[in-house]
Amino acid sequence: MDRIERFADVVVRAGVNIQPGQGVILRTDTAHLEIARAVVEAAYAAGAAWVEPIWSDGPMRRSAVDHASLESLTTSRGWALQRIREWSEQGVASIALIGDADPHVLDGADPVRAAAFPIEEMRSMRENVLGRLRWTVVGAPNPGWAHQIFGEPDTDRLWDAVSTAMRLDAEDPAAAWRERAATLADRGSRLDALELTSVRYVGDGTDLTVGLIPGCRWTGGGLIDSAGIPYMPNIPTEEVFTSPDRRRADGVIRLTKPLVLNGQLVRGLRAEFAGGRIVDVSADSGVEAVRAQLETDPGARSLGEVSLVDSESRIAKAGIVFHNTLFDENAGCHVAWGSSFPFAVPGGPGMSVAEREERGLNTSAVHTDVVIGGDGITVTGTGPKGTIEIIRNDEWVL
């Protein structure tokens, strides 16, 4: 198989693990046409009953941001909500191919309008798709993404980096991911056994203590759906993560990787937390994009994820800033403000929103990962056995 076919095989077999007779939705950009075709072919070869591509396009998005009303940009259509509910009822698999085809397409746009999206629709996606179905998000190489990284549209060089990060160089990439997933799952089990009540991140410009929910589960490598079928929501993935208590986060963070947010490049971001909420942000550039997102809804300022990544990560070893959160978040420890993962607590997916919030989970239409790890980062966890080192100077020591 060539690299695109190997890519598609990993997405279908290790990512969503498509089962015979299953429907598939494929969200992708027009710039990913060749890769999308390969994924559709692989999905049908795996037994998919049908595959529905849902296309996006950067210039079309810019037209909407420039000309549509803010009300229109944030209003969810009834037919769109109904379609999401039907996906959930039918048990479809969801694949998303990401990778900005033009990272500068929203340069100069109103940051409030650039951050706008149909909030109810996104909440429904998180509840009915991300919370119930098998899904995966994968980065698709394209010239625009390559230019953002290398300063030139060297797609072959980007494919080399992505192939290494996604283990496409293995004899059987899907099997290689199952092996890596087992290693990360073992780390999650070890963390569960510690019954930690908090974690603390300390690094250059970062000193953040985050409270954990009693009985929370650490997840690594992948998930298992209600029918017992394993899948991997993100490829590549090098993290072990959980959802913290949204009410307990205090301290400061400084990002060690740039953040691409709603088409805006954010550099040198610093954020201060108090009582579980972001109370102040500053940045060397792009801070207005962050401030606009933090106003999305009341949950946007609280944490929905804490994650542990060490220097053994293939993405970290690549030494490249991918300017793509899916990759960059797997190069170092990170946290995310916004929506929690209901599966982080026993019985969470079956709880009402009010019940989840009572437990400490966060509710928001956004979920933004930001990297605070790398050289010098130390992470400790506190629980019944005292304070224990988990990561020391970016190395896993637990």
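Using our numbering, read the sequence shown as starting at 5 and increasing by one per residue. Glycine residues also receive a C-beta, built at the ideal position from the N, C-alpha and C atoms.
Tell me the DSSP secondary structure of L137 in three-state form. By one-based count along the sequence shown, residue 137 stands at place 133. In the three-state reduction of the DSSP assignment, L137 falls in the coil class.
Is E333 a contact residue of the ligand ATP, with contact defined as CB to any heavy atom under 8 Å? Absent from the structure shown: the ligand ATP. Ligands present: none.
In chain order, each beta strand (DSSP E) run of at least 3 residues that lies wholly inside the stretch 123-192: Counting only runs that start and end inside the stretch 123-192, the beta strand (DSSP E) elements of at least 3 residues fall at 139-143.
Please check the pair H327 and I58, which I expect to be a contact at CB under 8 Å, by giving their CB distance rounded to whole angstroms. For the purposes of this step, residue 327 is taken as residue 323 along the sequence shown, with counting starting at 1. For the purposes of this step, residue 58 is taken as residue 54 along the sequence shown, with counting starting at 1. About 24 Å; that fails the 8 Å criterion.
Taking the beta strand (DSSP E) that T311 belongs to, which residues open and close that run? For the purposes of this step, residue 311 is taken as the residue at position 307 of the sequence shown. According to the sequence as given, residue 311 is Ser; it is not Thr. S311 -> beta strand (DSSP E) spans L307 to L312.
Helix, strand or coil for I39 per DSSP? Looking up residue 39 in the sequence shown gives position 35. Here DSSP, grouped into helix, strand and coil, assigns I39 to helix.
Proximity winner among A231, Y235 and H36, relative to G19 (alpha-carbon distances): Translated into the one-based positions of the sequence shown, residue 19 becomes position 15. Comparing Cα positions, the closest option is Y235.
Backbone secondary structure at G19 - three-state DSSP: Here residue 19 refers to the residue found at position 15 when the sequence shown is read from its first residue. Three-state result, G19: helix.
If you draw a straight line from the C-alpha of V214 to the C-alpha of A287, how long is it? Locating residue 214 in the sequence shown gives position 210, where the first residue counts as 1. Locating residue 287 in the sequence shown gives position 283, where the first residue counts as 1. The straight-line gap from Cα to Cα measures roughly 22 Å.
Please classify H371: does DSSP put it in a helix, a strand, or coil? Here residue 371 corresponds to residue number 367 of the sequence shown, with the count starting at 1. The answer is strand: DSSP assigns H371 an E or B state.
DSSP puts G6 in a beta bridge; with which residues? Reading the sequence shown from its first residue, position 2 is the one you call residue 6. Reading off the sequence shown, one finds Asp at residue 6, where the question assumed Gly. Answer is none; D6 lacks a bridge partner.
Excluding the 5 residues preceding and the 5 following H151 in the sequence, name in chain order all residues of the same chain whose CB lies nearer than 7 Å to its CB. Taking the first residue of the sequence shown as position 1, residue 151 is located at position 147. Cβ within range, chain order: P157.
Endpoints, beta strand (DSSP E) assigned at L110: Stepping through the sequence shown from its first residue, residue 110 is reached at position 106. Taken as a continuous stretch (DSSP letters only), L110 belongs to no beta strand (DSSP E), as it is neither H nor E.
Rounding to the nearest angstrom, what Cα-Cα distance links W222 and I102 in this structure? Taking the sequence shown and counting its residues from 1, the one referred to as residue 222 is at position 218. Taking the sequence shown and counting its residues from 1, the one referred to as residue 102 is at position 98. Straight-line Cα distance between these residues: approximately 26 Å.
For A53, which option in D332, L37, G25 and I39 has the closest C-alpha, if you only look at C-alpha atoms? Translated into the one-based positions of the sequence shown, residue 53 becomes position 49. Among D332, L37, G25 and I39, the Cα nearest to that of A53 is on G25.
Less than 9 Å between the beta carbons of A369 and S343, yes or no? For the purposes of this step, residue 369 is identified with residue 365 of the sequence shown, where counting begins at 1. For the purposes of this step, residue 343 is identified with residue 339 of the sequence shown, where counting begins at 1. The answer is yes: Cβ separation under 9 Å.
Per-residue DSSP class, three states only, for I102: As a first step, residue 102 is located in the sequence shown; it is residue number 98 there, counting from the start. Per DSSP, reduced to three states, the secondary structure at I102 is strand.
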